[in-house]
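In terms of our numbering, the sequence shown opens at residue 716 and continues consecutively. Each residue gets a CB set at the ideal place from its N, CA and C atoms; glycine is no exception. Have a look at the structure below before the remarks.
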Amino acid sequence: MEHLHIERLLSTPLKRRNLLIGGGFLTGLALTTQWTSKVNAQPQFSNYPFSLGVASGEPYPRSVVIWTRLAPNPLNGGGMPSENVPVQWQVATDEKMTKVVRSGTTYAIPELGHSVHVVVEGLQPARWYWYQFKAGNEISPIGRTRTAPVVGQKIEQFRFAFASCQNWEDGYYAAYKHMAKEELDLVVHLGDYIYEGAANPARIRQHNGPEPVTLEEYRNRHALYKTDEDLQAVHAAFPWVVTWDDHEVDNNWADEIPQDPELQTREQFLARRAAAFQAYYEHMPLRPFSKPEGIDLQLYRRLTFGDLIEFNVLDTRQYRTDQPCDDGIKPRCEQAFDPSATLTGAKQEKWLFNNLDRSKARWNVLAQQIVFTQHDWTAGEESAFNVDAWDGYVAARQRILDFFNQRRPSNPVVISGDTHSSWVSDLLADFNNPNSPVVGTEFVGTSITSGFSASDRIEAALPESPWIKYFNGRQRGYVRCDLTHERWRSDYRLLPQSPPTGANVPDPNAPITTAASFELPNGGTVK
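As structure tokens, then:
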């Protein structure tokens, strides 16, 4: 992108260069603006330090997080000296940054990879803002963000998109190119923001180096993903809410247990987990309460938007018991029905139930990683279930279904990722009784790039799961959701079908269509 080679600010006259962010929502903006205060220190950068762009997230009615990271050499540790660097920031009510309403200075410190997380306070609810950073003589791209409406305030409409699973090596982020042009209030990312695999020279895009285990290696992997201009554009266009799945750390990890304990000891994995957690925080627009403490990071949280929608953002990795039946897709063993098995841990489960009990929102969302609906992958008398998903934690899922059925929170909706395919399902009070009441709805989004090879197998088995209304494992993309008090509409925005071999998204400019749309009426079932 053009802003990767931005001219330095000169004292007089100010040099300007046009900027294009967000796939077209901001065009030709002046990159330079009148800063309200001078930077005391004048660091010198070997290259443009805002190479990873800007982002915002965690919108509250009167505050929002704005983020950037100084990284003149992003794929080699960042390229910053081991010293604190002052970073100025400004927030304005106009896209040209002339009506500044908040400003200040923070410090990018080496202990956090020279990332900055500014909680901008004193904003007005339910409105758009623009923001920008300055370090030394360098200034960042301009980002746009939006605050939440006041909790309980009546709002007529809310629009968001959710995405997941963006393996760099599986293709280009064409889906993000289109998402950046949507009219959205929020983007929700449901995990697998990065993938931890080693570089594969046969892929269309290669990872930078071996599988990461150290902090610097995780920083370099996050930085690689953040260099993508289409991903940067969506971060710059909308506030984000994020949660992780497994690949941010290690495939199919569970609490303190790695995928392959025979290859990494518990101590080695916990050191790796701490490094991965820190790098995740450093690269996401999270609030300070999510700053990691060793192997712990507070990620489950609640965000409410007026009287219309409340998100319960879950963490199903950090507190889970080990996958039953030795993991995989297979018939369920006795462990899969163990009442003590958990994906959330008891504390998070209680927190979720308390939130749902108290919520006054029309739509109550569980924003989480893995498929919630029961589905058998194999047609006929044989069965196979993904025991890394809720199908491996049957009792824990049933407690949530029982809560939906007995406590009747308003319109519970589960949104999920992980499986690289699109699903729409009724949630039944008892999946073993197809005639039991519908107590909720699940929308599963496909991947941004990551592949899926079991479409034929699942399509053959679908008649045995009549609660599943839609399945598509052959296309990549995202889900766009449009909510009012009367209905929820989910549009499955999908790229052309993945080719049988090679990259899943070989064309960075691939077109997108609304392949399917589903409407969920207030108090009803999805159609």
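Buried/exposed call for residue i, threshold 16 Cβ in 10 Å
i     : result
C1196 : buried
V831  : buried
W1078 : buried
H937  : buried
P789  : buried
P1236 : exposed
C1048 : exposed
E1201 : exposed
F1087 : buried
T727  : Any answer about T727 is weak, because its pLDDT of 25 lies below 50 and its placement is not dependable; what the coordinates show is given next. Per the 10 Å Cβ criterion, exposed.
P825  : exposed
Q1038 : buried
Y822  : exposed
M999  : buried
R859  : buried
W968  : buried
F1004 : exposed
W843  : exposed
T1161 : buried
T929  : exposed
Residue i, enclosing alpha helix (DSSP H) - first and last residue
i     : result
Y996  : 981–998
F1068 : 1061–1073
Q1113 : 1109–1122
S1170 : 1170–1176
E944  : 944–952
Beta-carbon proximity list for residue i, same chain, < 6 angstroms, skipping 5 on both sides
i     : result
S1232 : D1206
F1146 : Q1089
N1187 : S1137
R1204 : D1197, E1234
D1271 : The chain is shown only over 716 to 1242; residue 1271 falls outside these bounds and no answer can be derived.
H973  : The sequence given here places Pro at residue 973; His does not occur at that position. The residues are D965, Q979, F984.
E982  : none
A1230 : Y1207, L1209
Q921  : A914
L1067 : N1027
V957  : H904, M999
E798  : none
R934  : G828, A994
V802  : T821, A823, V831, F848, A850
Boundaries (first-last residue) of the beta strand (DSSP E) holding residue i
i     : result
K811  : It is not in any beta strand (DSSP E) - K811 carries neither H nor E in the DSSP assignment.
R936  : Run containing R936: none in the beta strand (DSSP E); it sits in the alpha helix (DSSP H), 930–941.
V769  : 769–772
F1186 : 1183–1187
R1195 : 1192–1198
Y1015 : Run containing Y1015: none; DSSP gives neither H nor E here.
F877  : 873–878
H832  : 830–835
I870  : Taken as a continuous stretch (DSSP letters only), I870 belongs to no beta strand (DSSP E), as it is neither H nor E.
I1130 : 1127–1131
P1236 : 1228–1236
G1155 : 1153–1159
V957  : 955–957
G858  : 858–861
Y846  : 843–850
Contacts around residue i, its chain only, beta-carbon distance under 7 angstroms, and the 5 residues preceding and following it disregarded
i     : result
Q1212 : R1189, Q1190
P1054 : A1110
N882  : Y910, T1164, S1165
R1002 : E773, V780, V834
L899  : R874, F875, A876, F953
V816  : V806, A807, T808
T1228 : L1209
E926  : E911, G912, A913
F996  : Note that residue 996 is Tyr in the sequence shown here, rather than Phe. If we look at Y996 and ignore the five residues flanking it on each side, its Cβ neighbours are S1005, K1006, P1007, L1012.
G1043 : V1102
Any C-beta of chain B under 9 angstroms from that of residue i
i    : result
P916 : Of the chains in the structure shown, none is chain B; there is only one protein chain.
Spatial neighbours of residue i in its chain, beta-carbon cut-off 8 angstroms, leaving aside the 5 residues before and after
i     : result
G1217 : I919
D1117 : A1144
I1010 : E971, L985, R988, A989, F992
V865  : P776, P840, A841, G1021
L1142 : F1087, T1088, L1116, F1119, P1127, V1129, V1153, V1154, G1155, T1156, E1157, W1182
Next item on the list: Answer yes if the stretch 1080–1089 comes into contact with the stretch 1020–1031, meaning at least three C-beta pairs across the two stretches below 8 angstroms, and no otherwise.
Entry: Three or more Cβ pairs closer than 8 angstroms define a contact, and the stretch 1020–1031 meets that threshold against the stretch 1080–1089.
Next item on the list: Entirely within the stretch 884–923 and at least 3 residues each: give me those beta strand (DSSP E) ranges in chain order.
Entry: If we require 3 residues or more, the beta strand (DSSP E) runs fully inside the stretch 884–923 come out as 901–904.
Next item on the list: For the stretch 861–870 and the stretch 1018–1026, state whether three or more C-beta atom pairs, one from each stretch, are separated by less than 8 angstroms.
Entry: Contact holds: three or more Cβ-Cβ distances are below 8 angstroms.
Notebook entry, point to check: Hey, is the stretch 1036–1050 in contact with the stretch 1097–1111, meaning 3+ C-beta pairs nearer than 8 angstroms?
Noted result: Counting Cβ pairs under 8 angstroms, three or more are found: they touch.
Next item on the list: State whether the stretch 820–840 contacts the stretch 1155–1164, with contact taken as three or more CB pairs (one from each stretch) at a distance under 8 angstroms.
Entry: At 8 angstroms Cβ cutoff, the stretches do not touch.
Note to self: Using 8 angstroms as the cut-off, can you tell me whether the stretch 848–860 makes contact with the stretch 761–768, which would need three or more C-beta pairs spanning the two stretches below that distance?
What the structure shows: Short answer: they touch.
Next item on the list: Spell out a yes or no on whether the stretch 938–952 and the stretch 891–906 are touching, meaning 3 or more CB-CB pairs, one atom from each, closer than 8 angstroms.
Entry: Segments in contact, yes.
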